[in-house]
Amino acid sequence: MERKTLGLILAIIPLIAVIGALVIAFALTGDVQTMVLETGPDEVISGYLTGFTGAGGDMFTVSGYSLSDDRGTLLLKVMVSNPIDYPLIISSMSYMSEFNGKPVTIKLDSPVEVMPESTAEIILTGDLASLGQLTGIPKMPNEPNPSDIISEVSFAGIILKNNGGVQ
Amino acid sequence: MTEEKTAKEWDFSKCNWPGVVAGILLLALPFTGGWWKMHVGSGAFEVALSPFSTEILMFGKMVMSPLLFWLNIAFTILMIIFGILLLVGSLAFANKKYRVTADALVKINSRKPLYLIVIFTIGLTIVSWYMGQTLLISGFSGDFPVLLGEGSVTMVSTGFTILVPISLGLSTSYWIGLLAAIIAVIAGFYQKKINPAEE
């Protein structure tokens, strides 16, 4: 075989292979978008975001306040529901409230993981030591408004910060 | 007597050794895994891409790209063909009887792997730039790296700020591919050196 012929054949083969791959992929899928990628990453991330925003205030349900035995810590039980099919890590959660008429920060002490599409109970605490000796029946804070809660949750390394504007 | 004659015909000291090394590396190349890796978050979106394989995982679920699947098969077959031809050409140069064909095989195939790497790298640069643009159009803002590097994009939506860390990088397989391509090019030059009469 002549060198030119061999060169020509070896130059045409890749071209035929690439065109063949394109034709087969298109023939099997029928449209260009599905041929390239069935689902785009932006659609998936937006889908998860919609899961959160759709859940809105329903993600956090307050069970009620109580005081620790030594009356030095305010405890708030919150039921957290994970609306997505991926583990949800709550890194931080806090809000400002009033206890006995004095401001107190109520926050999550350590990160919590909520399993996919399930609900978990978390406890937020408020340190009352700086408020002095408690006497009589203390006036418990009102239930927090979801829009007052500042939180940071993450799933699969994607971080969602709620800056207090969830409706 | 015939065996002696055959042994004399094959003088392996005259082989194109860079071509032999490049041929072996090219044959192994399709099986070394992804060349370019993209991580979005930690497990949210993972891509490992090479001309010969594609692995896309979205939240742990495999996503299929029929186009890339068939292109991968095409490039795997092509690379095996070019690897074999380069290897055969480089070894066949040891026999005077096959030198003309061997010379042609080495010279024709020596630059093709480098072309593939260059096209792949340019293609990836365009794809990663396009991905960044797509995210910007989707409402994200921030810094999406092109080809290599780390960055993050953010989106603000109804009280939420979503922060997506992104990392792009080339794997060891890419550098093995580049090394094989460079050795193949060297084999082409070496061929000219050991067989100047064919110029």
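Those protein sequences? They're chains A and B, same order as listed. 142 is the number that numbering that gives the first Met the number 0 gives to position 143 of the first sequence; each next residue is one higher, with no gaps. 126 is the number that numbering that gives the first Met the number 0 gives to position 127 of the second sequence; each next residue is one higher, with no gaps. Don't be surprised by glycine CBs; every beta carbon is placed ideally from N, CA and C. Source: prediction; values computed, not measured.
Original post:
Can you find a C-beta in chain A that's less than 8 Å from the C-beta of E198 of chain B?
Top reply: With a pLDDT of only 44 at E198 of chain B, under 50, the local geometry of the prediction cannot be trusted, and the value read off the model is given with reservation. For E198 of chain B, the answer is no, since every Cβ of chain A falls outside 8 Å of its Cβ.
**OP:** If I'm right that G33 of chain B touches L56 of chain B with Cβ under 8 Å, what's the distance once you round it to whole angstroms?
**Re:** Actually they do not touch by this definition, with Cβ atoms about 11 Å apart.
Original post:
What does a CB cutoff of less than 7 Å around M78 of chain A pick up in its chain, not counting 5 residues either side in sequence?
Top reply: Around M78 of chain A, the same chain offers T60, S62, T118, E120 as residues with beta carbons nearer than 7 Å, after the five sequence neighbours per side are excluded.
Original post:
With a Cβ-Cβ cutoff of 8 Å, do P115 of chain A and I88 of chain A count as a contact?
Top reply: Taking 8 Å as the Cβ cut-off, P115 of chain A and I88 of chain A do not qualify as a contacting pair.
**OP:** Report, in whole angstroms, the separation of the C-beta atoms of G46 of chain A and L127 of chain A, which I expect to be a contact under 8 Å.
**Re:** G46 of chain A to L127 of chain A, Cβ: 42 Å. No contact.
Subject >> Below-8 Å beta-carbon distance, V165 of chain A vs any chain B residue >> reply: Unreliable placement is indicated for V165 of chain A, whose pLDDT of 46 sits below 50; the coordinate value is still reported in the next sentence. Using a Cβ-Cβ cut-off of 8 Å, V165 of chain A counts as an interface residue toward chain B, since at least one Cβ of chain B sits closer than that to its own.
Subject >> Burial state of Y114 of chain B, where buried means 16 or more other Cβ atoms lie within 10 Å >> reply: In summary, Y114 of chain B is exposed, with fewer than 16 beta-carbon neighbours lying within 10 Å of its beta-carbon over all protein chains present.
Subject >> Unbroken beta strand (DSSP E) run spanning V163 of chain B, endpoints >> reply: Element bounds for V163 of chain B: 159-169.
Original post:
Which whole-angstrom value describes the C-beta separation of N161 of chain A and G158 of chain B, a residue pair presumed to lie in contact below a C-beta threshold of 8 Å?
Top reply: In this structure N161 of chain A is in contact with G158 of chain B, their Cβ atoms being roughly 6 Å apart against a cut-off of 8 Å.
**OP:** Please report the Cβ distance between I116 of chain B and G176 of chain B, rounded to the nearest whole angstrom; I am assuming they are in contact, meaning their Cβ atoms lie under 8 Å.
**Re:** Indeed, because the Cβ distance is near 6 Å, the residues count as touching under 8 Å.
**OP:** Under 7 Å Cβ to Cβ from V19 of chain B, same chain only, skipping five residues before and after it: list those, please.
**Re:** Only L86, S89, L90 meet the Cβ criterion.
Original post:
Can you give the Cα-Cα distance for K36 of chain B and L169 of chain B, rounded to whole angstroms?
Top reply: Looking at the two C-alpha atoms, the distance is approximately 6 Å.
**OP:** Taking G42 of chain B as the query, report the chain A residues whose CB atoms sit under 7 Å from its CB, ordered along the chain.
**Re:** Against chain A, a Cβ distance below 7 Å from G42 of chain B picks out A155, G156.
**OP:** Run down chain A in chain order and give the residues with a C-beta less than 8 Å from the C-beta of M61 of chain B.
**Re:** Within 8 Å of the CB of M61 of chain B, no CB atom of chain A is found; the nearest one sits about 10 Å away.
Original post:
What is the rounded straight-line gap between the Cα of L5 of chain A and the Cα of F143 of chain B?
Top reply: Across the structure, L5 of chain A and F143 of chain B are spaced so that their CA atoms are roughly 45 Å apart.
**OP:** Within its chain, find whatever has a CB closer than 6 Å to the CB of N94 of chain B; leave out the 5 residues flanking it on each side and keep chain order.
**Re:** So the qualifying residues of the chain are E8, W9.
**OP:** Report yes if the CB atom of I72 of chain B is closer than 8 Å to the CB atom of A20 of chain A, and no otherwise.
**Re:** Contact flag set, yes.
Subject >> Alpha carbon of D84 of chain A to alpha carbon of F154 of chain A, nearest angstrom >> reply: Their Cα atoms are separated by approximately 10 Å.
Subject >> Extent of the continuous alpha helix (DSSP H) run through G6 of chain A >> reply: 2-28 is the span of the alpha helix (DSSP H), which, as asked, contains G6 of chain A.
Original post:
From E198 of chain B to D30 of chain A, what does the alpha carbon distance come to, in whole angstroms?
Top reply: Caution is warranted here: a pLDDT of 44 is assigned to E198 of chain B, below 50, making its placement in the model unreliable, and the coordinate value is therefore given only provisionally. For the pair E198 of chain B and D30 of chain A, the Cα-to-Cα distance works out to about 49 Å.
**OP:** Would you mind stating whether T160 of chain B and F139 of chain B have Cβ atoms separated by less than 8 Å?
**Re:** The answer is no: Cβ separation not under 8 Å.
Original post:
The alpha helix (DSSP H) with Y114 of chain B in it runs from where to where?
Top reply: 111-136 is the span of the alpha helix (DSSP H), which, as asked, contains Y114 of chain B.
**OP:** Could you pull the start and end residues of the alpha helix (DSSP H) that S156 of chain B belongs to?
**Re:** Looking at the DSSP string, S156 of chain B is not in any alpha helix (DSSP H); the run it does join, the beta strand (DSSP E), is 148-156.
**OP:** Tell me, please, whether the CB atom of P13 of chain A is closer than 8 Å to any CB atom in chain B?
**Re:** For P13 of chain A, a Cβ of chain B is located within less than 8 Å of the residue's own Cβ.
Original post:
Taking C-beta to C-beta, are A186 of chain B and V105 of chain B nearer than 8 Å?
Top reply: Yes.
Subject >> Span of the alpha helix (DSSP H), counted from its first residue to its last, around V39 of chain B >> reply: In the DSSP assignment, V39 of chain B falls outside any alpha helix (DSSP H) and lies within the beta strand (DSSP E) extending over 35-39.
**OP:** Measure from the C-beta of V163 of chain B to each C-beta in chain A and report whether the shortest distance is under 8 Å.
**Re:** True, the Cβ-Cβ gap to chain A drops below 8 Å.
**OP:** Would you mind sorting F30 of chain B into buried or exposed? The rule is 16 or more other CB atoms within 10 Å of its CB.
**Re:** Taking every protein chain shown into account, the CB of F30 of chain B has fewer than 16 other CB atoms within 10 angstroms, so this residue is exposed.
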